[in-house]
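Protein chains in written order, with this note's numbering: chain A, 22 to 320; chain B, 22 to 320; chain C, 103 to 363; chain D, 103 to 363.
Encoded as C-alpha cells, the structure appears first; notes follow it.
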Amino acid sequence: MRDAVADLVRDGDTVAIEGFTHLICFAAGHEIIRQRKRDLTLARMTPDVIYDQMVAGGVASKLIFSWLGNPGVGSLHAIRRRIEDHDPEPLEIEEYSHFGMVCRYVAGASNLPFFPIRSYYESDIPKVNPKIVPMTSPYDDATEVYVVPPLRPDVSIVHAQRADASGDAQIWGLLGCQKEAAFAGARVIVVCEEVVEESVIRQDPNRTAIPGVVVDAVVEEPFACHPSFAQGYYDRDNAFYLDWDRIARDPETLDTWLKEWVFDLGTHADYREKWGSAHWDALRPGDAMSGEVDYGRYA
Amino acid sequence: MRDAVADLVRDGDTVAIEGFTHLICFAAGHEIIRQRKRDLTLARMTPDVIYDQMVAGGVASKLIFSWLGNPGVGSLHAIRRRIEDHDPEPLEIEEYSHFGMVCRYVAGASNLPFFPIRSYYESDIPKVNPKIVPMTSPYDDATEVYVVPPLRPDVSIVHAQRADASGDAQIWGLLGCQKEAAFAGARVIVVCEEVVEESVIRQDPNRTAIPGVVVDAVVEEPFACHPSFAQGYYDRDNAFYLDWDRIARDPETLDTWLKEWVFDLGTHADYREKWGSAHWDALRPGDAMSGEVDYGRYA
Amino acid sequence: MNATAERDLGYSRTEMMIAASARRLEGAKNCFVGVGLPNIVCNLAQRTVARDLQLVYESGVFGARPERLPLSIGDPTLATGATAITSMFELFAFYLQAGLIDVAFLGGAQIDRFGNLNTTVIGPYDTPKVRLPGSGGACEIAIHARHILVIMRQAKRSFVDRLDFRTSPGHSGDPASDAARGWHGTGPTSVVTDLGTYGFDDSTGEMTLMTLHQGMTLDDVHANMGWEPKVSPDLGQTLEPTTEELRLIREELDPTGAHTR
Amino acid sequence: MNATAERDLGYSRTEMMIAASARRLEGAKNCFVGVGLPNIVCNLAQRTVARDLQLVYESGVFGARPERLPLSIGDPTLATGATAITSMFELFAFYLQAGLIDVAFLGGAQIDRFGNLNTTVIGPYDTPKVRLPGSGGACEIAIHARHILVIMRQAKRSFVDRLDFRTSPGHSGDPASDAARGWHGTGPTSVVTDLGTYGFDDSTGEMTLMTLHQGMTLDDVHANMGWEPKVSPDLGQTLEPTTEELRLIREELDPTGAHTR
Chain A
22 MRDAVADLVR DGDTVAIEGF THLICFAAGH EIIRQRKRDL TLARMTPDVI
72 YDQMVAGGVA SKLIFSWLGN PGVGSLHAIR RRIEDHDPEP LEIEEYSHFG
122 MVCRYVAGAS NLPFFPIRSY YESDIPKVNP KIVPMTSPYD DATEVYVVPP
172 LRPDVSIVHA QRADASGDAQ IWGLLGCQKE AAFAGARVIV VCEEVVEESV
222 IRQDPNRTAI PGVVVDAVVE EPFACHPSFA QGYYDRDNAF YLDWDRIARD
272 PETLDTWLKE WVFDLGTHAD YREKWGSAHW DALRPGDAMS GEVDYGRYA
Chain B
22 MRDAVADLVR DGDTVAIEGF THLICFAAGH EIIRQRKRDL TLARMTPDVI
72 YDQMVAGGVA SKLIFSWLGN PGVGSLHAIR RRIEDHDPEP LEIEEYSHFG
122 MVCRYVAGAS NLPFFPIRSY YESDIPKVNP KIVPMTSPYD DATEVYVVPP
172 LRPDVSIVHA QRADASGDAQ IWGLLGCQKE AAFAGARVIV VCEEVVEESV
222 IRQDPNRTAI PGVVVDAVVE EPFACHPSFA QGYYDRDNAF YLDWDRIARD
272 PETLDTWLKE WVFDLGTHAD YREKWGSAHW DALRPGDAMS GEVDYGRYA
Chain C
103 MNATAERDLG YSRTEMMIAA SARRLEGAKN CFVGVGLPNI VCNLAQRTVA
153 RDLQLVYESG VFGARPERLP LSIGDPTLAT GATAITSMFE LFAFYLQAGL
203 IDVAFLGGAQ IDRFGNLNTT VIGPYDTPKV RLPGSGGACE IAIHARHILV
253 IMRQAKRSFV DRLDFRTSPG HSGDPASDAA RGWHGTGPTS VVTDLGTYGF
303 DDSTGEMTLM TLHQGMTLDD VHANMGWEPK VSPDLGQTLE PTTEELRLIR
353 EELDPTGAHT R
Chain D
103 MNATAERDLG YSRTEMMIAA SARRLEGAKN CFVGVGLPNI VCNLAQRTVA
153 RDLQLVYESG VFGARPERLP LSIGDPTLAT GATAITSMFE LFAFYLQAGL
203 IDVAFLGGAQ IDRFGNLNTT VIGPYDTPKV RLPGSGGACE IAIHARHILV
253 IMRQAKRSFV DRLDFRTSPG HSGDPASDAA RGWHGTGPTS VVTDLGTYGF
303 DDSTGEMTLM TLHQGMTLDD VHANMGWEPK VSPDLGQTLE PTTEELRLIR
353 EELDPTGAHT R
C-alpha cells in the first residue's frame with residue numbers, strides 16, 4: 022500500500038476512494054494521510070468517516086460529493102468545521118445528488134462528454150453548481166433533462182473481496198459504483214481482502230467487476246475497509262462509527278486519534294495488530310454460501 | 022408459452038426477443054409464428070435465424086436491428102428477399118450500430134428521452150436513419166456526439182438459465198442486453214431453462230439480472246433457445262445454423278420447414294420430442310463449475 | 103406532552119410516528135427505504151400491513167430480507183438473501199427513474215407547506231449556519247417515486263414558511279402545473295409527525311392536517327408550525343399503535359431503543 | 103495464381119492472409135475480435151506473436167481462453183474461463199468508447215483508398231442490389247480502437263474508387279483533419295489481402311502497397327483494385343507462413359479447413 026500510494030497519488034490530484042457503505046478502503050485513506058499528501062480534491066458519493074479523517078488529516082482542499090454524513094449516525098464534524106467555520110481553513114465543495122454523482126462516474130468511465138438525467142427539476146442544486154446544466158431532448162417530445170459532466174479522477178481507489186495478481190477484481194454484495202469509478206480513473210489502485218489465483222477469477226467471469234487492464238496496482242490488505250465492511254469477510258464496526266461522532270466533535274481528540282491510529286502506525290498491519298485479533302473475530306459473520314452455477318466446458 | 026404469447030403479444034406490437042448469440046428464445050418466436058401474429062415490428066440487435074424464421078412466417082412488417090446475418094454462417098435469406106426483392110412484400114427497416122441499439126435499450130430501460138454516444142461520425146448511417154441525430158455537449162469542450170432515442174418494446178422476451186416463480190431471473194455467460202431489453206419492455210416474458218425455488222435466487226443476489234417486478238409471465242421451457250445455446254445447459258447447434266442457410270435460400274423449402282417444425286407442432290415439447298433425446302444429449306457440455314462465494318450471515 | 107404524558111399513553115411519540123407511517127404502506131408493492139427512522143418503519147410494515155413489500159435500498163438492493171435491523175442503508179444484512187443487487191447506476195436508472203418505485207420515505211431539516219424539502223443547508227449556501235448532508239438520492243427520489251411519505255418531528259424551525267434551500271421538489275402549489283411536469287412521482291402524499299398526520303390538498307397542493315395523535319391538540323400544531331396550517335374539516339384522531347406493533351418495534355426492530363425512545 | 107500455384111507454395115492464399123495478419127498483432131495487449139477470419143487470426147496470434155494478448159469480443163467477453171475455435175463471436179467456449187464478462191453496454195461504453203482497445207480487425211464488402219468500409223449495402227440503400235449485414239459494432243470500433251487491421255480478399259468490386267455506403271469511417275484524406283477529430287482511433291493501420299499487405303501513407307492517409315505475397319505481382323494488384331494503387335518505394339515480399347503457423351492453423355484452429363482452404 023505504501024508504494025502504491027507513493028507512486029500513484031500526487032499532491033493536487035483528484036482522488037476517489039469509492040464504496041457505498043461497503044468496501045470503503047480506509048487503509049488507503051490512512052496511508053494518504055500518513056504520506057502527508059496535500060491539496061487533494063476528494064471525490065466520493067458519501068464522504069463518510071474516511072473523508073472526515075482525511076480532511077482532518079489536512080490532505081484535502083476540495084470535496085466532490087452527494088451525501089455528507091456519518092451514515093446511520095449523524096454528522097462529519099471535521100468537514101463541517103471546515104465548511105461552516107473555515108476551521109482551520111476553508112474547504113471548497115461541489116455537490117450533486119447520488120444519481121448525478123453516479124452518472125458523472127459513468128460518463129467518465131464511458132468517455133462521454135456529458136450524461137443526461139431526469140433530476141434536479143425545481144431543485145436549488147443546479148443554482149449552486151453551475152456544472153449541472155439543463156438540456157432539451159432533440160426529439161419531438163422536447164423533454165427537459167439536466168446533464169452532468171464526466172468525472173475522471175486522477176486516481177481511483179476501490180476495494181474488492183478478491184483479485185488476481187493482474188488486478189482482475191471480483192466483488193459481491195453491494196456494488197456501489199466501484200466499477201464505474203475504477204473505469205473512470207486515470208490511475209487505479211485495487212485493494213483486496215485476498216489475492217487469488219487467476220483460475221479462481223476465471224471460474225466465474227460474470228463476477229468480475231474490474232479487469233486488470235485498467236488497474237495500476239493491486240494491494241492485498243485484509244480488513245482494509247474497517248470500520249466499514251467487506252461482505253462475507255467482516256461486519257461493519259458500528260461501535261467505531263458511533264465513536265467517531267465523539268472523536269470528531271473535538272479537534273484535539275481527533276488529532277490525538279490521528280496520531281495514535283494513523284501517524285504512529287507504519288502500516289495497516291500495525292493497525293490490525295493494535296485492534297487485536299479478538300476485535301476482528303467479533304466482526305466475522307456466519308456463512309451464507311452462494312451456491313455454484315455451471316458454465317459448461319466447451320472443448 | 023402459449024398463454025404468455027396469446028396474452029401479451031398483440032398484432033402491431035413492437036416485439037424484442039433479445040439474446041446476443043446466447044439465450045435467444047426460438048421457442049417464443051415459433052409460438053408467435055404458430056399463433057399467426059401480424060404486423061409486428063421486430064427489434065433485435067442481431068435478427069439471427071429466429072427473425073428470418075419469423076419474417077418468413079409472415080408475422081413482421083418492420084425490423085429494427087444493428088447486424089443482419091446468420092452469425093458465423095452468412096446471410097438471412099428470407100429477410101434479404103423481403104428487403105431486396107419485396108418478395109413476397111416489402112419489409113421496412115430501421116438500422117443502428119450495435120452500440121446504438123444497446124443504448125436505445127438503456128434509454129428505454131432508464132426512462133431517458135435520448136442517449137448520447139460517440140459513434141456515427143463520418144458514417145452514412147445517420148443519413149438513412151433520421152432518428153440518429155447530432156448533438157453538441159453544453160460544456161466548454163463542445164464535443165459532438167450523436168444521440169439515439171429510447172426503445173420501449175411493447176413486449177420484451179428474454180431467456181434466462183433460471184428464474185423463480187415471480188420472474189426473478191438469473192443469467193450467466195454472455196449477458197448481451199437481456200437486462201436492458203427486459204427493463205425497457207412495457208410487457209415482459211421471461212422464459213427459462215428451469216424454474217427454481219426463490220431461495221436459490223436469494224442465495225446469490227448479485228447473479229439476478231431481471232427482477233420479477235418487471236416480469237409479466239414466467240415460462241419454464243428447457244432447450245427453448247435451440248439452435249442457439251444456454252451456457253452450461255447446451256451448446257449451439259451449429260449444424261442447424263449451417264443448414265438454415267440451405268433451407269432459407271429456397272422459399273419452398275423454407276415453407277416446408279415451417280410447416281414441419283412450427284405449424285404442425287403444438288408446443289415446444291413436441292419440438293423437443295421430434296428432435297429426439299440423442300440430439301439433446303449431444304449438445305450437453307461438460308462441467309465447469311463457478312465455485313462459491315460467501316455472502317456471510319449477518320443476523 | 104411531557105415524559106409523564108408519554109408514560110401514560112404506554113408508547114413514545116416516536117413509536118406513534120413509526121406505527122402511523124408503517125400503516126401508510128398498506129398495499130404497497132415496494133418501497134424505497136431511507137436512512138434512520140424509515141428503515142424501522144418499512145421493516146415494521148413488512149411485518150404487519152405489507153407482508154409482500156419489497157424493500158428497495160438506494161445502495162442497490164431490491165427485495166431485501168434483513169435478518170437484523172439494518173444499521174444503515176448499506177448494511178451487509180441487506181445484501182445477504184436479497185432478490186437482486188444492482189449497481190447504483192442501474193438502481194437509479196432502471197428502477198427509480200424508470201418509475202418502478204411505489205413509495206419512498208423522505209425527511210429533512212426543513213419542509214414547507216407544499217412538501218418541498220431542505221436537506222442541504224441552514225442559512226445561506228455559501229456561508230452556512232449548519233451544513234446538512236445534502237441530497238443523497240432525495241432529489242431524484244422526490245421526482246420519480248410514485249408516492250412520497252415524509253416523516254419528521256414537528257417544530258417551528260423545521261416546518262417553515264420559506265426553505266433556506268430547496269433540495270427536493272414537492273408540490274408547486276398549482277396542481278395543473280404539477281400534472282404537466284410529466285414526472286412519475288405525484289409528490290408528497292402524507293406527512294407524519296410526532297403531533298399528527300397530514301395529507302396534501304388536491305386543489306392547492308397544500309399540506310392539510312388530517313389526524314391528531316392521542317393527546318395532541320391544534321394548539322400544539324400551531325405552536326410547532328411556521329405557517330397557518332390548513333386543517334381538514336374531517337379532522338380525526340390517529341389510531342394508536344397496537345400491542346403487536348409496539349412488540350415488534352421494541353423486541354425485534356429496535357431492542358436497544360436507540361431510534362425509538 | 104491458380105490451384106497449381108497454391109499447391110506449389112505449400113499453403114493457401116487464405117493461410118497466407120491469416121499468418122500475415124496475425125503477425126501484425128505482435129506486442130498488442132488486447133484485440134477486439136470480429137466474426138470469421140479475424141477469429142482465427144487472433145487465436146493464431148495468441149499462440150505465436152502475442153501470447154499475453156487478451157481477446158475481447160463485442161459479445162461482452164474480455165480475456166477469453168477458448169478451448170476450441172469459436173463458431174461465432176458469441177460461442178459459449180468464449181465465456182467459460184474468461185477473465186470477465188460484461189453487459190454489451192459496458193463493453194461498448196467502458197472498454198471500447200473509453201479507448202481501452204488496442205487493435206480491432208474489420209473487413210467489409212467494399213473498401214476505398216482511405217480505408218472507409220462498407221458493410222451495409224451494394225447498390226442504393228433504398229433499392230439494394232445486395233443487402234449486407236450492416237454495421238454491427240464496426241462503426242464505433244473504427245472510431246475507437248487504437249488501430250484497425252483490415253483483412254479482405256482483393257477484387258475490383260470490393261476495392262472500389264467509391265463506396266456505395268460508408269458504414270465505418272477510415273482516413274479522411276487529410277491527416278491534419280484526422281488528428282483534429284479527437285478520436286481514440288488512428289484509423290486503419292494495415293490492410294492484408296490475398297495479394298499483399300498495405301499500410302496508409304502518413305501524409306495523405308492513402309492505402310499503400312507495402313509487400314506482395316510470394317507468387318503475386320503488381321499486375322495482380324492492378325487487376326484487382328478499383329483505383330490506381332500507391333506502391334511503397336521499398337516494396338518487399340511478405341514473409342511466408344512458417345511451418346508452425348501452418349500447423350497451428352491446420353491442426354488446432356481450423357482442422358476441418360472450413361475457413362482456411
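For each residue, glycine too, the CB sits at the ideal point set by N, CA and C.
Residues near residue i in its chain [Cβ-Cβ closer than 7 Å; skip 5 each side]
i          : result
Glu-165(A) : Pro-155, Thr-157
Val-262(D) : Gln-212, Asp-214, Gly-328
Glu-128(D) : Val-151, Ala-152
Straight-line gap, residue i to residue j (C-alpha atoms, nearest Å)
i          : j          : result
Trp-296(A) : Leu-171(C) : 26 Å
Ala-190(A) : Asp-162(A) : 42 Å
Ala-203(A) : Cys-124(A) : 13 Å
Gly-176(D) : Ser-123(D) : 22 Å
Leu-172(B) : Glu-201(B) : 10 Å
Arg-149(C) : Val-294(C) : 20 Å
Tyr-126(A) : Cys-198(A) : 8 Å
Phe-196(C) : Asp-303(D) : 47 Å
Arg-141(D) : His-300(B) : The question names Arg, yet the displayed sequence has Asn at residue 141(D). Asn-141(D) and His-300(B): Cα-Cα distance of roughly 28 Å.
Met-122(B) : Asn-218(C) : 38 Å
Met-254(C) : Tyr-319(B) : 30 Å
Chain-ordered chain C contacts of residue i [CB-CB under 7 Å]
i          : result
Gly-3(B)   : Chain B is shown from 22 up to 320; residue 3(B) falls before or after that span and cannot be answered.
Asp-256(A) : Pro-178
Identity of the residues DSSP links to residue i by a beta bridge
i          : result
Asp-315(B) : Met-310(A)
Asn-227(B) : BP columns for Asn-227(B) are empty, so no partner.
Val-53(B)  : Residue identity check: residue 53(B) is Ile in the sequence provided, not Val. Its beta-bridge partners do not exist; DSSP assigns none.
Leu-61(A)  : Ala-81(A)
Lys-332(D) : Thr-310(D)
Gln-212(C) : Asn-220(C)
Residue i: contacting residues in chain C (beta-carbon distance under 8 Å)
i          : result
Thr-42(A)  : Ser-161, Ser-174, Ile-175, Gly-176, Asp-177
Glu-130(B) : The sequence shown places Ala at residue 130(B), not Glu. Those are Ala-195, Phe-196, Ala-200, listed as they occur along chain C.
Lys-200(A) : Ser-189
Chain B residues whose Cβ lies nearer than 9 Å to that of residue i
i          : result
Asn-132(C) : Val-234
Thr-288(C) : Within 9 Å Cβ-Cβ: nothing; Thr-288(C) doesn't reach chain B, min ~16 Å.
Proximal residues of chain B, C-beta to C-beta of residue i below 7 Å
i          : result
Cys-241(D) : Ser-118, Ser-140, Tyr-141, Ser-144, Ile-146
Trp-193(A) : Asn-227, Val-314, Tyr-316
Residue i: contacting residues in chain A (beta-carbon distance under 9 Å)
i          : result
Thr-269(C) : Ser-118, Ser-144, Asp-145, Ile-146
Beta-carbon neighbours of residue i, restricted to chain D and to distances below 8 Å
i          : result
Asp-189(A) : Gly-165, Thr-185, Ala-186
Asp-161(B) : Going along chain D, no residue has its Cβ under 8 Å from Asp-161(B), so there is no contact; the nearest lies around 14 Å.
Beta-carbon proximity list for residue i, same chain, < 8 Å, skipping 5 on both sides
i         : result
Gly-40(B) : Cys-46, Val-179, His-180, Gly-197, Gln-199, Cys-246, Ser-249
Gly-93(A) : Asn-259, Tyr-262
Residues that residue i contacts on chain D, provided the C-beta gap is smaller than 7 Å
i          : result
Ala-320(A) : Glu-169, Arg-170
Residues near residue i in its chain [Cβ-Cβ closer than 6 Å; skip 5 each side]
i          : result
Arg-208(B) : Leu-29, Val-176, Asp-237
Chain A contact residues for residue i, given Cβ-Cβ distances below 8 Å
i          : result
Met-310(B) : Gln-224, Glu-313, Val-314, Asp-315, Tyr-316
Residues that residue i contacts on chain D, provided the C-beta gap is smaller than 9 Å
i          : result
Phe-204(A) : Glu-192, Ala-195, Phe-196, Tyr-197, Ala-200, Leu-202
- [ ] With 9 Å as the limit, tell me which residues of the region 336-350 of chain C have their beta carbon closer than that to any beta carbon of chain B; keep them in chain order.
- [x] none
TODO: Name, going along the chain, the residues of the region 292-308 of chain B whose beta-carbon falls closer than 8 Å to a beta-carbon of chain C.
DONE: none
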